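There are 2 protein chains.
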Amino acid sequence: MSARKAKPPVTLKAIARQLQVSESTVSRVLSGNGKKYRISAKTEKAVLELARKWRFVPNPLAQGLRLNRTQTIGLIIPDISNPFFARVARQIEVEARQAGFSIILCDSEEDTSLEIKSLELLEARKVDGFLIAPVGETTDHLQEYARRDWPMVIVDRYLPEIKLPYVSSDNFKGTYQAVKYLLERGHRRIACVQGRTASLPNRERVRGYRQALQEYQVAIDESLLVGNDFGLENGYIKTKLLLRQEKKFTAIMALSNLICLGTIRALTEEGMEIPRDISLIGFDDQVYCEYLRTPVTTVAQNEKEIGSIATKLLIEWIQSVNPV
Amino acid sequence: MSARKAKPPVTLKAIARQLQVSESTVSRVLSGNGKKYRISAKTEKAVLELARKWRFVPNPLAQGLRLNRTQTIGLIIPDISNPFFARVARQIEVEARQAGFSIILCDSEEDTSLEIKSLELLEARKVDGFLIAPVGETTDHLQEYARRDWPMVIVDRYLPEIKLPYVSSDNFKGTYQAVKYLLERGHRRIACVQGRTASLPNRERVRGYRQALQEYQVAIDESLLVGNDFGLENGYIKTKLLLRQEKKFTAIMALSNLICLGTIRALTEEGMEIPRDISLIGFDDQVYCEYLRTPVTTVAQNEKEIGSIATKLLIEWIQSVNPV
DNA sequence: CTATTTTGCACAATCCTTTGTGCAGTGTCA
DNA sequence: TGACACTGCACAAAGGATTGTGCAAAATAG
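Here the protein sequences line up with chains S and P, keeping their order.
Position 148 of the first sequence, counted from 1, bears residue number 148 in my numbering, the numbering being contiguous throughout.
To convert, count from 1 in the second sequence and add 1000; that's my numbering.
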């Protein structure tokens, strides 16, 4: 069938046989331990040359089996088609590749049970560690892996009860500055549509919102702080409800990119124009913002940096546990 | 260090020892070949129960080594942060997972040399097959893999000289209908900013453009057919140049989502409003379109379907080469 | 010229699973 | 009772790389 079966694979054994030496010798030379094991310069040269000529690449399955290390990272993302996560994922892939690691991608589809299955799958596949942006409904499964000392770094969303390294942008500062910007422009009644209330990023963003208002001596009207999900639906529905209540407001702070889109949709449907009738600030940097009907202001998150830092942290951890 | 090292792993051997049977017996039972090898019901039951109790999961490294099959697919994408590819990738992951395959993700960064490196890396990692959206500059490396009978399915971009299965939306029909739509609304001078001219999707899209114009007896002005890249830059620059030349036009057909964004930027900078001053139709479905300052019409590509079909094709191929 | 050290490498076990072969023990039939 | 079949499983090799140990031969010392 496949031509791959036809010609015998280039293995240590093949090289050893050809050169009339043992596999161990070949292995030691190729892993750079030639001198350490007193392989003669002549043998070393021969091995190196033949390996090059035959384009020898060690079989990672065999290596993994033997070394209990696969140079593989499991990446679990709630939705890779979310531009924010896609950009984070890209940087993770680039960074990991440069360090000699590959990425196995799992999309948890914003579903905790799939997140758990992904963890199990990746564990079974012997990944060296996890990068995960948790769905965030429950955390028992993450705690469990943390307890078992798996190298794992949390990205973006976080739940404070877990003791794991965590990388995201400065959520507090983001909303803090955004709301301050609105206040400076005279807004005093600023609504806020938030994401999953239990998540740390959301909590931090809300904290920034409160802090800014406080500094401007604006009493916080809890009826203007609504929402409980990072999705578009939440932004849409909560904005509709906000508009239907008696309390008035002149600006909206949307705590995610999707919420922001939902809010825009709702405002548009209600015939309100941004920023003529109302001001809107979103969260998460996106290419598209500048092309929006209204140039919506957005709090930038640096996905590249998030991805890069998270990956470096994880790889350092992996390598400290199981040195090369 | 790691707690994982502490407790011994659950292996066939461990189960065999506990039950005082041989590893082969355990293996046969667990792979469902109990009867075939005349394992007694009693033994079978005992094995099954202990495996369940101990949550035995076979080591995929050992399996891969033995079976020469890893249940892994290599996915190579020019830019995972491009929403179109991100959505395709998501569906691929979902579909592959359901068939028991995992995805190793490689981002070629729109760079052919990285694409080649990714192929080599994935081959070394013993993936069972490739899903690739090629950069498309050169194709020798792809030809090479095709020649070696690697299961490989091309997604989105394609170069006709390679004989490989190819999945994308109906590019011809997409622009054909879009341009017809413009013609029906009275446009006669329709510019077109195309993507990489060598790629099949682009050729098909251009063919649709020409066909529609022909059917309306509109002579094709080649100076209105510009561009050579799918990126934003190309859309931006070529639109600027179009606006600076003497030939006038009333509509632009942008042959990718990024080109479309670049075009919008250029038009905006030149103070032109869509659709007051000019009409614009883009390519690729995106959530954001409806939120754009101008509701730009877009030719939809069904990423879910593309991802799904490509994955199914590949897995069928893999399984026909190396049946389970 | 013998005793000791050093050189240069081979052997074999190990990681874990799969699978072809083979061998005791029990049962069947003539 | 002896030939034969069948039952139920064990043994061992294979797949590829790594690594501790050990053993000859060569080099050096005395």
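C-beta: ideal position from N, C-alpha, C; glycine also.
Keep in mind it's a predicted model, so treat the numbers as computed, not measured.
- Between Asp1111 of chain P and the set P:Ile1259, P:Gly1136, P:Ser1027, P:Ile1318, the nearest pair of CA atoms involves P:Gly1136.
- Thr197 of chain S sits exposed, since fewer than 16 C-beta atoms from the chains shown fall within 10 Å of its C-beta.
- With 16 or more other CB atoms across the displayed protein chains lying within 10 angstroms of its CB, Tyr1236 of chain P is buried.
- With a beta-carbon spacing of about 17 angstroms, Gly1208 of chain P and Asn1257 of chain P fall beyond the 8 angstroms limit used to define contacts.
- DSSP lists P:Ile1076 as the bridge partner or partners of Cys1106 of chain P.
- Contacts with chain P at 9 angstroms (Cβ-Cβ) do not include Ala191 of chain S.
- Phe1230 of chain P has its alpha-carbon roughly 53 angstroms from the corresponding atom of Lys1007 of chain P.
- Between Ala86 of chain S and Ile1306 of chain P the beta-carbon gap is near 16 angstroms, outside 8 angstroms, which marks them as no contact.
- Spanning the alpha carbons of Thr1072 of chain P and Gln1098 of chain P requires a straight line of approximately 12 angstroms.
- At a cut-off of 9 angstroms, the C-beta of Ile220 of chain S has no neighbouring C-beta in chain P.
- In this model, Leu1242 of chain P and Asn1228 of chain P are separated by some 14 angstroms (Cα to Cα).
- Annotated three-state conformation of Gly136 of chain S is coil, per DSSP.
- DSSP lists S:Ile73 as the bridge partner or partners of Gly129 of chain S.
- Between the stretch 1264-1271 of chain P and the stretch 1174-1194 of chain P, the count of C-beta pairs closer than 8 angstroms stays below three; the two stretches do not touch.
- Nearest Cα to Pro78 of chain S within the set S:Gly100, S:Ile116, S:Gly64, S:Ser102: S:Ile116.
- P:Met1152 is the residue among P:Met1152, P:Pro1201, P:Glu1269 whose C-alpha sits nearest the C-alpha of Trp1317 of chain P.
- Contact of Thr1072 of chain P with chain S is assigned, a C-beta pair being separated by under 9 angstroms.
- Nearest neighbour of Ala1089 of chain P by Cα position, chosen from P:Ile1132, P:Pro1060, P:Phe1056, turns out to be P:Ile1132.
- Taking 3 residues as the shortest admissible run, the stretch 1167-1225 of chain P contains the following complete beta strand (DSSP E) segments, listed from N- to C-terminal end: 1190-1193.
- In the structure shown, Gly64 of chain S adopts helical secondary structure according to DSSP, grouped into three states.
- Closest in C-alpha terms to Leu183 of chain S, from the list S:Leu213, S:Glu109, S:Glu95, S:Pro58, comes S:Leu213.
- For Ile1162 of chain P, no beta strand (DSSP E) run applies, since DSSP gives it neither H nor E.
- In the three-state reduction of the DSSP assignment, Ser1031 of chain P falls in the coil class, being assigned neither a helical nor a strand state.
- Rounded to whole angstroms, Asn234 of chain S and Ala310 of chain S show a C-alpha spacing of 29 angstroms.
- Assignment of beta-bridge partners to Met152 of chain S by DSSP yields S:Phe130.
- Per DSSP, the continuous beta strand (DSSP E) segment holding Ile1252 of chain P begins and ends at 1251-1254.
- Around the Cβ of Gln245 of chain S, a 10 Å sphere holds fewer than 16 other Cβ atoms; the residue is exposed.
- Phe101 of chain S carries a coil assignment under DSSP once its states are collapsed to helix, strand and coil.
- Judged by DSSP in its simplified three-state form, Val1026 of chain P adopts helix.
- Note that the C-beta distance between Ala254 of chain S and Val179 of chain S is not below 9 angstroms.
- Arg1028 of chain P is positioned such that its CB atom lies no closer than 9 angstroms to that of Ser102 of chain S.
- Minimum Cα-Cα distance from Arg1157 of chain P among the listed residues P:Ser1199, P:Tyr1145, P:Thr1138, P:Glu1144 corresponds to P:Ser1199.
- Asn1033 of chain P sits exposed, since fewer than 16 C-beta atoms from the chains shown fall within 10 Å of its C-beta.
- Each residue's CA atom was taken as its position, placing Val321 of chain S and Trp150 of chain S some 10 angstroms apart.
- Identification of chain S residues near Gly1064 of chain P by a Cβ-Cβ cut-off of 8 angstroms yields Leu61, ordered along the chain.
- A straight line joining the alpha-carbon of Tyr1216 of chain P with that of Lys1238 of chain P spans about 25 angstroms.
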